[in-house]
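Worksheet: one structure, shown below.
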Amino acid sequence: MDLRINKINKKLQKKLDKERYEHTLGVMYTASALAMCHNANIGQALLAGLLHDCAKCIPNDKKIKLCRKYHLEISDVEQKNPSLLHAKLGAYIARKKYHVEDYEVLGAIKSHTTGKPAMTLLEKIIYIADYIEPGRVELPNMAEVRRLAFADIDECLYRMLEDSLIYLKNRNLPIDKMTEKTYHYYKKKLKEQEE
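Each residue of the sequence shown is one higher than the last, beginning at 2 in the numbering used here.
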């Protein structure tokens, strides 16, 4: 691990609870494995994986206050479910407190909860690594999703988005519009590839 990542790691460990820190390490290492597999920048994957949840342990009411203070937009779904704010707030904190200036890394942190249409390779890697890291509770189709992550990253992304939407709908939980947009984007993209 390079010196900068080591330094951030030590700082971050004090900000996260034990479970979140272990998850973070799992995401970081899974992201680096995906980066190796898909010929992406390993350093960016390690850094984005390490910092993706840097705002996760901030209490929800404080997340809302900080987003307002830093002029970060809060959607209706985020207002109802403030834990979603940790992605955009995390990107802000990564830039301000951890001095990350790489906009690809910041973009991957920002979009790791909802995804977005036309994601960069790094954004896909962090989104997927967050879902499949070894410490994650086994979700339906997890073995297939993990296999796809290393075989066909867009197909993997589509399956994850589909499973997430089914999960949220079955539990009558609010669905972020960006997640739906991302799902439809990748559904269309895969259909076009088949034709």
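Each residue gets a CB set at the ideal place from its N, CA and C atoms; glycine is no exception.
- Three or more Cβ pairs drawn from the stretch 53-62 and the stretch 80-96 lie within less than 8 Å of each other, which places the two stretches in contact.
- Beta-carbon to beta-carbon, residue 132 and residue 161 are separated by about 6 Å, close enough to satisfy the 8 Å threshold.
- Pairing residue 114 with residue 85 gives a Cβ-Cβ distance under 8 Å.
- Here residue 127 is not near residue 150, since their CB atoms are 8 Å or more apart.
- Restricted to the stretch 21-94, the alpha helix (DSSP H) segments that are unbroken, complete and at least 4 residues in length are 43-52, 61-70 and 77-81, listed in chain order.
- Where residue 120 is concerned, there is no enclosing alpha helix (DSSP H), because DSSP gives it neither an H nor an E.
- The three-state secondary structure of residue 163, taken from DSSP, is helix.
- Rounded to the nearest whole angstrom, the CA to CA distance from residue 11 to residue 124 is 24 Å.
- Secondary structure note for residue 146: its alpha helix (DSSP H) is the uninterrupted segment 143-152.
- Under the DSSP assignment, residue 185 falls in the alpha helix (DSSP H) whose first and last residues are 178-195.
- The three-state reading of DSSP puts residue 173 in coil, since its state is none of H, G, I, E or B.
- The distance from the Cβ of residue 110 to that of residue 32 is about 11 Å, inconsistent with a contact at the 8 Å cut-off.
- In this chain, residue 138 is not harboured by any alpha helix (DSSP H), its DSSP state being neither H nor E.
- Scanning its chain for C-beta atoms nearer than 7 Å, with the 5 sequence neighbours on each side dropped, one finds around residue 169 the residues 176, in chain order.
- For residue 17, no alpha helix (DSSP H) segment is defined, and its DSSP state is neither H nor E.
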